[in-house]
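Asks:
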Amino acid sequence: MGNKEYVAIFREETAELLDEIESSLLELEKDPSDLMIVGRIFRAMHTIKGSGAMFGFDAIADFTHHFETMLDKVRDGKASVTSDLIDLTLASCDYIHAMLDADGETVGDNVDPEVGEKLIASLQKLVGGHGEGDAGGENSPLDDCAKKSPSGQRAPVQDGGEKASAKEINVHYRISLLPTMEFFSGGNTVEQLIDELSLLGECTVFQHPGNKVDGGAGDNNDAWEILLTTDRGTDAVEDVFVFARSSCNISVTVLVTEDENHFAEHQKLGEILIARGDISPDDLSRVLAKQKRIGDLLVEEHLVSRSKVDAALVEQQMLQQASAKVGQTKTADSIRVAAEKLDQLINLVGELVVNQARLTQVSSKYDDPGLVEPVEEVERLTAELRDCVLNIRMLPIGTTFARFKRLVRDLSAELGKEVVLVTEGGETELDKNVIDQLGEPMIHLIRNCIDHGMETPADREAKGKPRKGTVRLSAEHAGANVVISVTDDGKGLDVEKILQKGIEKGLVRAGEDLSQKEIFNSIFMPGLSTAATVSSVSGRGVGMDVVKTTIERLKGSVCVAESVKNKGTTITITLPLTLAIIDGLLVLVEDTYLVLPLTQVEECVELTKEDIDHFHDRRMIPVRDQLVPYVRLRDFFAIPGKRPEIEQMVIVMVNGERFGLVLDDVIGEHQTVLKSLGWVYRNAIGLSGSTVLGNGEVALIIDVPDIMKVAQKEEKDVFAD
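Mapping of the sequence shown onto the working numbering: residues 974 to 1694, in sequence order.
(1) In whole angstroms, what separates the C-alpha of F1015 from that of C1422?
(2) Thinking C-beta only, is E1002 closer than 8 Å to I1059?
(3) Relative to the C-alpha of P1005, which residue among S1053, S1661, R1592 is closest?
(4) If I follow the unbroken beta strand (DSSP E) through G1343, where does it start and stop?
(5) Which class does A1139 belong to by DSSP, given the choice of helix, strand or coil?
(6) By DSSP, does L1550 sit in helix, in strand, or in coil?
(7) Give the C-beta separation of E1449 and G1398 to the nearest angstrom, bearing in mind that I take them to be a contact with Cβ-Cβ under 8 Å.
(8) At what residues does the beta strand (DSSP E) containing N1454 begin and finish?
(9) Could you compute how far the alpha carbon of G1641 sits from the alpha carbon of N1364?
(10) Would you tell me roughly how many angstroms separate the C-alpha atoms of V1130 and D1007, rounded to the nearest one?
(11) Roughly how many angstroms lie between the CA atoms of P1439 and A1026, to the nearest whole one?
(12) State yes or no: is the C-beta of E1520 within less than 8 Å of the C-beta of P1430?
(13) What is the C-beta distance between V1697 and V1227, in whole angstroms, given that I count them as a contact (C-beta under 8 Å)?
(14) Kindly indicate which residue of M1367, L1286, T1202, E1630 has the alpha-carbon position closest to the one of T1551.
(15) Smallest Cα separation from K1051: which of V1088, L1099, H1417, A1017?
(16) Could you have a look at L1666 and say whether DSSP puts it in helix, strand or coil?
(17) To the nearest angstrom, how far is the alpha carbon of V1574 from that of M1626?
(18) Could you give the C-beta distance for E1000 and C1066, rounded to a whole number, given that I count them as a contact under 8 Å?
(19) Could you name the residues that DSSP lists as bridge partners for G1541?
(20) Could you check if S1649 is buried or exposed, using at least 16 other CB atoms within 10 Å of its CB as the buried criterion?
(21) What do you reckon, are the CB atoms on L1660 and L1673 nearer than 8 Å?
(22) If you scan the stretch 1595–1653 from start to end, which runs of the beta strand (DSSP E) of 3 or more residues do you find wholly inside it?
(23) Out of curiosity, what's the CA-to-CA distance linking L1559 and T1572?
(24) Do the stretch 1673–1683 and the stretch 1536–1548 touch if we need at least three Cβ pairs shorter than 8 Å?
(25) Suppose contacts are defined by Cβ-Cβ distances below 8 Å. Is A1713 in contact with I1524 by that definition?
(26) Would a C-beta distance cut-off of 8 Å place I1252 and L1276 closer than the cut-off?
(27) Going by alpha carbons, who is nearest to N1668 out of A1330, L1166, Y1603?
(28) Skipping 5 residues on each side, what residues in its chain have a beta carbon closer than 6 Å to that of I1408?
(29) Within 10 Å of its beta-carbon, does A1553 have 16 or more other beta-carbons around it, so buried, or fewer, so exposed?
(30) Assuming Q1621 contacts D1608 (C-beta within less than 8 Å), just tell me the rounded distance between them.
(31) Could you give the first and the last residue of the continuous beta strand (DSSP E) run that contains F1179?
(32) Roughly how many angstroms separate the alpha carbons of Y1146 and M1154, rounded to a whole number?
(33) Confirm, please, whether the CB-CB distance from L1151 to A1196 is below 8 Å.
(34) Tell me whether the beta-carbon of V1623 lies closer than 8 Å to the beta-carbon of L1569.
(35) At which residues does the alpha helix (DSSP H) containing L1151 begin and terminate?
(36) Mind checking R1433: buried by the 16 CB within 10 Å criterion, or exposed?
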């Protein structure tokens, strides 16, 4: 793997860990006494430091080393979790993000080091770097702390990073290590790992010669055994080897925990060697018959090396002092796959769906019972494979919601408001490609809620509201869609102010008869803002337009669902579950096939000449006691030919509004594999893509919101004239 690949992997994994750290820090701010959260942050930062050092990203490794030292002091009770400490730690995460985002293959070398030095100095000052509990000397307190052996220096920690008790409880580990040539070819040494283990506690190291590594030379042929006594949990020990596991055979076993309430029986040397797998029970029985010292007999018989007997004797001494508690190594239940490979798999499944449809159509021409059954089986398996592959790319939206906690916290502080973020439905899943593009519009919506919608604490109390405002993010499935709601309990939208601003900007005509819902949704028009002044947060009338543009690009819709004065506002986003394969309604205009997204279709009705004449060709028709405007797809796309006597009209729903699309015939439902249009047609109005039908024909996929927007503009122009 080349250097570029290493950089890409490091950036991706570190970014994920930083997101985890940020989320944990916000949890810690709510409960500063929760040391399990501190342990979680510590392990994530330790992983970043280890990978940075392993891959040669020294700038990040050095910076995170100081970060770890600060967390160590918090865990030891030498520093308290305060709001200032959380602020500095979040700023440190931002600095690491900046180092990751720097261009080039040398991560961390293209940012201003003074920023990092100031952060380190501030952290050192805040956690009391020169406090009473620190060792003296010429070195900085941070460096001194890093050089101490933690054994006996910190409160005992069990698995998960939680303090076990006020009294130190040591754990004894046996670590077996057999490096491969891949380990050494990366510039690594066993001594580096042993040095890291020594920071955790007291190590006794045994080197077992004779275990050959293919292609190895010298010391590279040896296996290693380390007996470690520490007050740290299994996670801390495992973290030392997190980047060596792929190139070493490693096992970590908890031998015994020094708990005065539970002592194990003393194990004999032979039992220990059998448990370790060094000898068999038959070997032991045969040697015992000679009635000599077991260790000497086994060595004389060349059944085990002297170094292994010595290691077993030391282990026996440990077992005679405490209880046996064997740990188990967890097996990873997930793998990391490049997104490009997943996209390729989905494209292949899409081609399979198209060809399966062709096979079904061809088989329908032959009255052969022997052909029907296998074709139906292929159809069933294709559908299962399609659903399975699409589910692989589905991710819970909760990970996206979690990112906004930091935004709400920082923005509230900047604007002098008190706001809490509440999330619901985080387990709701969406296509990864949709989630990746959802961040920017969600940020604009949340900023808009806090800046425009939320009152100051004093104003809220004057209205009889809680001092703290609430922004609620929720997600739920609605058929083949996901509906995301952003709700605040602020002052609501000001109808008069929005209308006045729209008229001033020329976005709304004076005297135009608009419903309250139309006025509310005009906030998504470009350039419209009700902010009195332009600030770093809002005021330019760009944010909500970005929201609408991005959501529509994702084949979704956004609208103001509800707004009540002094009660709050709810904005909903409706998105398709996936952008790869959708269920569509196949229709026909003359000899042109078109596909409408089925999620937007409400019903189909007939449009007769009498209906048209009744409204004097004003393109309106009553459907269930409601006048529905419509547009002819034949006219919109300039498709030549004569209209049939009775036309079909498909009623669609966009942003809560009903709209009719008039066409010649409705073919039926169709499983649609989305294909992008060529660059020549990329900006074609009213089209969002294409698909291939079973008969080999190409069908165009209709962009319903785009057609609706154009039709409404034309209608307003007609009324204006």
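Virtual Cβ for every residue (Gly too), placed ideally from N, Cα, C.
Replies: To lay it out plainly:
(1) 34 Å
(2) Result yes, Cβ atoms of I1059 and E1002 sit closer than 8 Å.
(3) S1053
(4) Run containing G1343: none in the beta strand (DSSP E); it sits in the alpha helix (DSSP H), 1342–1365.
(5) No answer about A1139 holds up, because its pLDDT of 36 lies below 50 and its placement is not dependable.
(6) coil
(7) At roughly 5 Å, the Cβ-Cβ gap stays under 8 Å, so E1449 and G1398 are in contact.
(8) 1454–1461
(9) 26 Å
(10) Note that V1130 scores a pLDDT of 32, beneath 50, so its modelled location is shaky and nothing firm can be said.
(11) 49 Å
(12) One detail in the question is off: residue 1520 reads as Val in this sequence, not Glu. No, the pair does not count as a contact, with Cβ atoms beyond the cut-off.
(13) Residue 1697 is absent from the model: the chain starts at 974 and stops at 1694.
(14) When only C-alpha atoms are compared, the closest one is M1367.
(15) Across the set V1088, L1099, H1417, A1017, the C-alpha of L1099 shows the shortest separation from the C-alpha of K1051.
(16) DSSP places L1666 outside both helix and strand once states are collapsed to three, so it counts as coil.
(17) Distance between the alpha carbons of V1574 and M1626: 7 Å.
(18) In fact, because the Cβ distance is near 14 Å, the residues do not count as touching under 8 Å.
(19) V1537
(20) exposed
(21) yes
(22) 1600–1605, 1620–1627, 1630–1636, 1638–1646
(23) 13 Å
(24) no
(25) Here the chain has residues from 974 to 1694 only, and residue 1713 is not among them.
(26) yes
(27) A1330
(28) L1368, T1373
(29) Answer is buried; the Cβ neighbour count reaches 16.
(30) The Cβ separation is near 15 Å, so there is no contact.
(31) 1174–1181 is the span of the beta strand (DSSP E), which, as asked, contains F1179.
(32) 26 Å
(33) yes
(34) yes
(35) Unbroken run through L1151 is the beta strand (DSSP E), 1144–1152; no alpha helix (DSSP H).
(36) Counting Cβ neighbours within 10 Å, R1433 comes out buried, since at least 16 surround it.
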